[in-house]
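Novice: Let me give you the structure first, and then I'll get to my questions.
In my numbering, the protein residues as written are 888 to 1027.
Right, dumping it as C-alpha cells:
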C-alpha cells in the first residue's frame, strides 16, 4: 500500500455535530486507510501492552509489548523501552532493554540499541547501532 501526504477530502473530514471526537478520529483513520497509534514522549507505560495495529512508542515502557496480526512496532528515537517485544516487524531507533522477537524482521537503525536477545528470520543493523545479546536468525 502506498501512502501519500495528500490532504483528506474536506467533505469527508468535516465533523458532523452529532459525532463525538472519538468517533470522528476513528472515521478519519478509516478514511486514511491505515490506523497507526503513536504514544508520545511524555507517556510512561508499566505492564502489558497488546495491540492489533501498527504502533510507534516514543516514551518509556516497562513490561511487555505484543502486536498481533502481522503489525509493525516502531521504537522512536528517544524512547526507553524495558520490555519483552513480540511483533511481525520491529524497527528500533531508540533504546530497548529486553528480548525482541519478530516473525519477519528486526531493523536496528543508527540511533538504536538493544540489550537483550534478538530472534527473527531477518536482522538489519545500521552503522552506529548497537546490540548486546544473542542473535537467533531462524527461517520460519
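Don't be surprised by glycine CBs; every beta carbon is placed ideally from N, CA and C.
Every value quoted in this text rests on a predicted model; they were computed, and no experiment measured them.
On the three-state DSSP scale, how would you describe residue 1000?
Specialist: In the structure shown, residue 1000 sits in a strand (DSSP, three-state: E or B).
Novice: Who does residue 934 pair with in a DSSP beta bridge?
Specialist: 950.
Novice: Using the rule of at least 16 other Cβ atoms within 10 Å of the residue's Cβ for burial, across every protein chain shown, is residue 925 buried or exposed?
Specialist: So residue 925 ends up on the exposed side.
Novice: For residue 1024 and residue 958, I'd like the C-alpha separation in whole angstroms.
Specialist: The alpha-carbon atoms of residue 1024 and residue 958 are separated by roughly 19 Å.
Novice: By how many angstroms is the C-alpha of residue 935 removed from the C-alpha of residue 1019?
Specialist: Cα to Cα, the separation comes out at about 24 Å.
Novice: What does DSSP give as the partner residue(s) for residue 925 in the beta ladder?
Specialist: For residue 925, which the question treats as bridged, DSSP gives the partners 943.
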